[in-house]
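Below is one structure; the comments refer to it alone.
There are 2 protein chains.
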Amino acid sequence: MTDTRSARVVVIGGGFGGLETVSHLKHQPVQILLLDRKNHHTFQPLLYQVATAGLSPAEIAAPLRSIVSKQKNTEVLLAEVTGFDLARKIVHTVDAEIEYDYLVVAAGARHSYFAHDEWEPLAPGLKTVEDALEIRRRVLLAFEEAERQAALHGHHQDITFAIVGGGPTGVELAGTISEVARTSLPRDFRNIDPTHTRVILIEAGPRVLAAFPEDLSASAEQQLHKLGVEVRTSTMVTQILPHEIHMGDVVLPTSVTLWAAGVFASPLGRALSEQVDRAGRVPVQPDLTLPNHPEVFVIGDLATIKNPDGKPVPGVAPAAMQMGRFVAKTISDDLAHRPRTNFVYNDKGNLATIGRNAAVAQFPGFKLTGYFAWLSWLFIHILFLIGFRNRLLVMIEWAWSYLTYKRSARLITDEVGRLREQRSSPDSHNAETPPVEVIERRSA
Amino acid sequence: MTDTRSARVVVIGGGFGGLETVSHLKHQPVQILLLDRKNHHTFQPLLYQVATAGLSPAEIAAPLRSIVSKQKNTEVLLAEVTGFDLARKIVHTVDAEIEYDYLVVAAGARHSYFAHDEWEPLAPGLKTVEDALEIRRRVLLAFEEAERQAALHGHHQDITFAIVGGGPTGVELAGTISEVARTSLPRDFRNIDPTHTRVILIEAGPRVLAAFPEDLSASAEQQLHKLGVEVRTSTMVTQILPHEIHMGDVVLPTSVTLWAAGVFASPLGRALSEQVDRAGRVPVQPDLTLPNHPEVFVIGDLATIKNPDGKPVPGVAPAAMQMGRFVAKTISDDLAHRPRTNFVYNDKGNLATIGRNAAVAQFPGFKLTGYFAWLSWLFIHILFLIGFRNRLLVMIEWAWSYLTYKRSARLITDEVGRLREQRSSPDSHNAETPPVEVIERRSA
Chain A
1 MTDTRSARVV
11 VIGGGFGGLE
21 TVSHLKHQPV
31 QILLLDRKNH
41 HTFQPLLYQV
51 ATAGLSPAEI
61 AAPLRSIVSK
71 QKNTEVLLAE
81 VTGFDLARKI
91 VHTVDAEIEY
101 DYLVVAAGAR
111 HSYFAHDEWE
121 PLAPGLKTVE
131 DALEIRRRVL
141 LAFEEAERQA
151 ALHGHHQDIT
161 FAIVGGGPTG
171 VELAGTISEV
181 ARTSLPRDFR
191 NIDPTHTRVI
201 LIEAGPRVLA
211 AFPEDLSASA
221 EQQLHKLGVE
231 VRTSTMVTQI
241 LPHEIHMGDV
251 VLPTSVTLWA
261 AGVFASPLGR
271 ALSEQVDRAG
281 RVPVQPDLTL
291 PNHPEVFVIG
301 DLATIKNPDG
311 KPVPGVAPAA
321 MQMGRFVAKT
331 ISDDLAHRPR
341 TNFVYNDKGN
351 LATIGRNAAV
361 AQFPGFKLTG
371 YFAWLSWLFI
381 HILFLIGFRN
391 RLLVMIEWAW
401 SYLTYKRSAR
411 LITDEVGRLR
421 EQRSSPDSHN
431 AETPPVEVIE
441 RRSA
Chain B
1001 MTDTRSARVV
1011 VIGGGFGGLE
1021 TVSHLKHQPV
1031 QILLLDRKNH
1041 HTFQPLLYQV
1051 ATAGLSPAEI
1061 AAPLRSIVSK
1071 QKNTEVLLAE
1081 VTGFDLARKI
1091 VHTVDAEIEY
1101 DYLVVAAGAR
1111 HSYFAHDEWE
1121 PLAPGLKTVE
1131 DALEIRRRVL
1141 LAFEEAERQA
1151 ALHGHHQDIT
1161 FAIVGGGPTG
1171 VELAGTISEV
1181 ARTSLPRDFR
1191 NIDPTHTRVI
1201 LIEAGPRVLA
1211 AFPEDLSASA
1221 EQQLHKLGVE
1231 VRTSTMVTQI
1241 LPHEIHMGDV
1251 VLPTSVTLWA
1261 AGVFASPLGR
1271 ALSEQVDRAG
1281 RVPVQPDLTL
1291 PNHPEVFVIG
1301 DLATIKNPDG
1311 KPVPGVAPAA
1321 MQMGRFVAKT
1331 ISDDLAHRPR
1341 TNFVYNDKGN
1351 LATIGRNAAV
1361 AQFPGFKLTG
1371 YFAWLSWLFI
1381 HILFLIGFRN
1391 RLLVMIEWAW
1401 SYLTYKRSAR
1411 LITDEVGRLR
1421 EQRSSPDSHN
1431 AETPPVEVIE
1441 RRSA
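Respectively, the protein sequence lines represent chains A and B. Position 22 of the first sequence, counted from 1, bears residue number 22 in our numbering, the numbering being contiguous throughout. Positions in the second sequence are counted from 1; adding 1000 to them yields our numbering.
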């Protein structure tokens, strides 16, 4: 690296990794350009709260521009990156080429349906605000539809939610949906009993939360049971249809199916490297760069690297943030002619929330389950939320919902026409239909 | 009316009129069924705050079920009403017939494009949460697009918002968008100067806020000028195209056009009566019923009636609420064998907000403009918001935004692919495109 007074750093992706890179370069003599397809950072660990009507999108997402507003060496652009010319040090976007001295690719991952892309419209995953709103809509509509059937026809189909995948996202969705059905909704319905809702969590492996020690997995499973969730481990989902799922020979009728079973890295990974792993992740050098490209960093869920002890660095927010800080430090080292160092992931613990007073937590040296794990989870997540306003509002919303058992964001923001359409054509989930216009107009 | 111990009251529409009817029948021996196409009540007077990124939908909307949760004589159903059989006392919905003893139709109104329905996708109006989110998306994208152009190509097109219609909605949208452009956004953009944003309010009549006295209209126009809005009165919009509007021979290039020029009543009005007026409203008897149908009430924006003094009752929330209470009283009178009375609208005043510290207010006996009008507006609107939690959160949001000049809900919840699409095909606004899926998947 030569000493450039204002090296141009292009960061792709405003998630945990990208934002940490940017903020830790605040005082460096660099020009930073942050590119993202969305105008906001999403605090993904709380997305399940939006999906389960506990929080509003604006409480867990913040405009990237506002976040870096005071950082004078940084610009934000809404742009879609289409590829790279690594030799010429250029990022291709839809309608422009952008030059860089340093490139930091932190484009993350999305769901993977394991060669069953046709399942996506039938079983949405949870990665974006839009995903969360779609899940919220489907979950709430399932209860509305049952109530409608019961009120008009005297009976209704069972309400069954199937959640595929027993990792942290599947566990928190299953636990929270079951909790909402059993505590928030019953008083609001007259013809159905939401406490009879079935929530089934299906995991292909032998236990939920496989990244945790076995005793915490067992505790999580117990806590899920207490919240009313049926857990089926060592069970493979073989088919997803509009209102049923197959697990081998077992067919389960479902109201709503949700997907939390796998992720696949951004296709930008393959634009960077031909060596991506089976999850689309780019293998990086110990300094998180591409081989032969010390100026190109790949971090977060898009990268795969092992710690010196041989354990792979997990695809979690703390790892992405540590990588982001490492990249900022490495660029600073370059600029100061200091030698580079190697990235080491420092595992400070692992938390997973399950529902009210229910969570598991693994810290170096000790473990927690239940209420205290849940309190730790709450505290840490409010602490890391971006923006004082969000922290305050989320605390109020949680206190409110903890004391009253109410979920405040139970809005179905779509037209009921869609409900009708789903009834008549259950496999039309994926069609983004325009709202049905019931009001006719005429010259006035 | 005969003395039915549990007369069945069907209320269509969970707006101001419908909800007041329901809540004032709380202690009557009736069975109430509230039908709505949406699962939530929308506090329409604050929708412009959602459209301008100041509030989140869940802060101004509340699930109908939660609102009537404790009212044991009331059920809520998500349903789309398709018509009536008044002779058989039946409401038709998409897939069921519902019987009633009393029917209260409070289905409201939507935008009217005056025989130019093709303008709707080019100039959205503001009646629902979905409308507000669409306006928010377009307004925020206009700034993002200009910043992108300026950053990548060194220049950008002027940012111009045209708001058609100088009633309360047009005035508050114009004032607030101009205020946001001049106070909230400048610090966040590096390549454009949002304070140069043009906001043009176009009114066909001779003055804005025609329902107010002339001096208040004049004051509103002055306050709009102070906030940077250009007001064009006595100006007819003759054509709306994707990026320009025509006012006779004058052509104005626009970034975003918004529609606040007219409303047309729900088509349910025409299903009830052949005598609807030019705005689709149903003329009702002095007791708000249909002629020859003392059991069928039509209220709110769907009804047209004159006060005893000959002045038409305005289509505002207080009028709808008074009508709702009157209907509840009339049904109670029937049940108690008391004679019916006539509806009289009690005009307690009229407020319109314009922007920060800017509003006009007309109360019986006195008028206010500017800061004190704005304070009254704020106070009254927080007071009438449904739900303690909403009141608290909205107060916090407003205090936050008043002190910091920040807008907290600046989320563009759609994919940037849409931005690209709009650039390449500017007249594709109306196509509800599915989010662009950039992440490819494969077997993992």
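Ideal placement from N, C-alpha and C gives every residue a C-beta, glycine not left out.
- Item | Element boundaries [alpha helix (DSSP H), containing K329/A] | 317-335
- 8 Å Cβ cut-off: residues of chain A touching H1040/B: Correct list: R410, L411, I412.
- Message: Using a Cβ-Cβ distance cut-off of 8 Å, determine whether R148/A contacts chain B.
- Response: yes
- Task: Would you kindly work out how many angstroms separate the C-alpha atoms of V416/A and K1367/B, rounded to a whole number?
- Result: Its pLDDT being 37, under 50, V416/A is placed unreliably by the model, and nothing is read from it.
- Item | For H1111/B, the residue or residues it bridges with in DSSP | V1263/B
- Query: Buried or exposed: where does V344/A fall if 16 or more other Cβ atoms within 10 Å of its Cβ makes it buried?
  - Reply: It counts as exposed.
- Task: Determine the closest residue to A1109/B out of W1377/B, E1144/B, G1013/B, L1201/B, with distance taken between C-alpha atoms.
- Result: G1013/B
- Query: Under a Cβ-count criterion, where at least 16 other Cβ atoms within 10 Å of its own Cβ denotes burial, should M1236/B be classed as buried or exposed?
  - Reply: exposed
- Task: Please say whether G1054/B and A1409/B have beta carbons closer to each other than 8 Å?
- Result: Yes, the pair counts as a contact, with Cβ atoms nearer than the cut-off.
- Item | Span of the beta strand (DSSP E) around G1359/B | Checking the displayed sequence, the identity of residue 1359/B turns out to be Ala instead of Gly. Counting along the chain, the beta strand (DSSP E) containing A1359/B begins and ends at 1358-1363.
- Task: Using the DSSP secondary-structure output, state which residues sit across from L1368/B in a beta bridge.
- Result: A1361/B
- What does G1355/B pair with, by DSSP beta-bridge criteria? A1358/B
- Query: If you drop the 5 nearest sequence neighbours on each side, which residues of the same chain put their C-beta closer than 7 Å to that of E1099/B?
  - Reply: Scanning its chain for C-beta atoms nearer than 7 Å, with the 5 sequence neighbours on each side dropped, one finds around E1099/B the residues R1008, K1089, I1090, in chain order.
- Task: Give, in chain order, every unbroken run of the beta strand (DSSP E) that is at least 3 residues long and sits entirely within the segment 1096-1147 of chain B.
- Result: The qualifying runs are 1097-1099, 1102-1105, 1109-1111.
- Item | Within chain A, the residues that A1445/B reaches when beta carbons sit closer than 8 Å | Residue 1445/B cannot be examined here, being either before or after the span of chain B that is shown, 1001 to 1444.
- Message: Please report the distance separating the alpha-carbon of A1444/B from that of T1052/B.
- Response: With a pLDDT of only 28 at A1444/B, under the threshold of 50, the placement of this residue in the model should not be trusted; the figure read from the coordinates follows. The straight-line gap from Cα to Cα measures roughly 43 Å.
- Assigned secondary structure, H429/A (DSSP; H/G/I helix, E/B strand, else coil): Confidence at H429/A is low in this model, with a pLDDT of 35, below 50, so the placement of that residue is unreliable and no value is reported for it.
- Residues in the segment 176-190 of chain A having any Cβ partner in chain B nearer than 8 Å: Listed by position, the residues of the segment 176-190 of chain A near chain B (Cβ gap below 8 Å) are R187, D188, F189, R190.
- Message: Going by C-alpha to C-alpha distance, which of A1096/B, F1084/B, A1204/B sits closest to L1103/B?
- Response: F1084/B
- Message: So, at 7 Å on beta carbons, what are the nonlocal neighbours of V1256/B in its own chain, with the 5 sequence-adjacent residues on each side left out?
- Response: R1138, V1139, A1142, F1161
- Message: Rounding to the nearest angstrom, what Cα-Cα distance links L133/A and K1038/B in this structure?
- Response: In this model, L133/A and K1038/B are separated by some 15 Å (Cα to Cα).
- Should G365/A go down as buried or exposed, given a rule of 16 or more other Cβ atoms within 10 Å for buried? exposed
- Item | 8 Å Cβ cut-off: residues of chain B touching R88/A | Correct list: empty, because the minimum Cβ distance to chain B is about 17 Å.
- With a cut-off of 8 Å on the beta carbons, I'd call E20/A and N390/A a contact; round off their distance for me. The pair is not a contact, with the Cβ atoms about 18 Å apart (cut-off 8 Å).
- Message: Going residue by residue through the segment 1046-1082 of chain B, where are the continuous beta strand (DSSP E) segments of at least 3 residues, counting only ones entirely within it?
- Response: Whole beta strand (DSSP E) segments, 3+ residues: 1061-1063, 1074-1078.
- Message: Using C-beta distances below 6 Å, list every residue in its chain close to P1168/B, excluding the 5 sequence neighbours before and after it, in chain order.
- Response: A1352
- Query: Within this structure, are the beta carbons of L1392/B and A1260/B separated by less than 8 Å?
  - Reply: no
- For E1144/B, go through chain A and note every residue whose CB falls closer than 7 Å to its CB, in chain order. N39, L78
- Message: Three or more C-beta pairs under 8 Å: does that hold for the segment 1111-1123 of chain B against the segment 1320-1335 of chain B?
- Response: no
- Message: Using only the alpha-carbon positions, how far apart do G355/A and R1207/B sit?
- Response: Looking at the two C-alpha atoms, the distance is approximately 56 Å.
- Query: Are the segment 59-69 of chain A and the segment 1059-1072 of chain B touching by the rule of at least three beta carbon pairs closer than 8 Å?
  - Reply: no
- Query: Looking at the C-beta of R8/A, does it have a partner C-beta in chain B at a distance below 8 Å?
  - Reply: no
- Backbone CA spacing between I1386/B and E295/A [nearest angstrom]: 55 Å
- Item | Span of the alpha helix (DSSP H) around Q222/A | 214-226
- Message: Between the alpha carbons of Q1239/B and P1314/B, how many angstroms are there, rounded?
- Response: Taking the straight line from one Cα to the other gives about 29 Å.
- Close Cβ partners of A1204/B (< 6 Å) along its chain, the five nearest in sequence each way excluded: M1236
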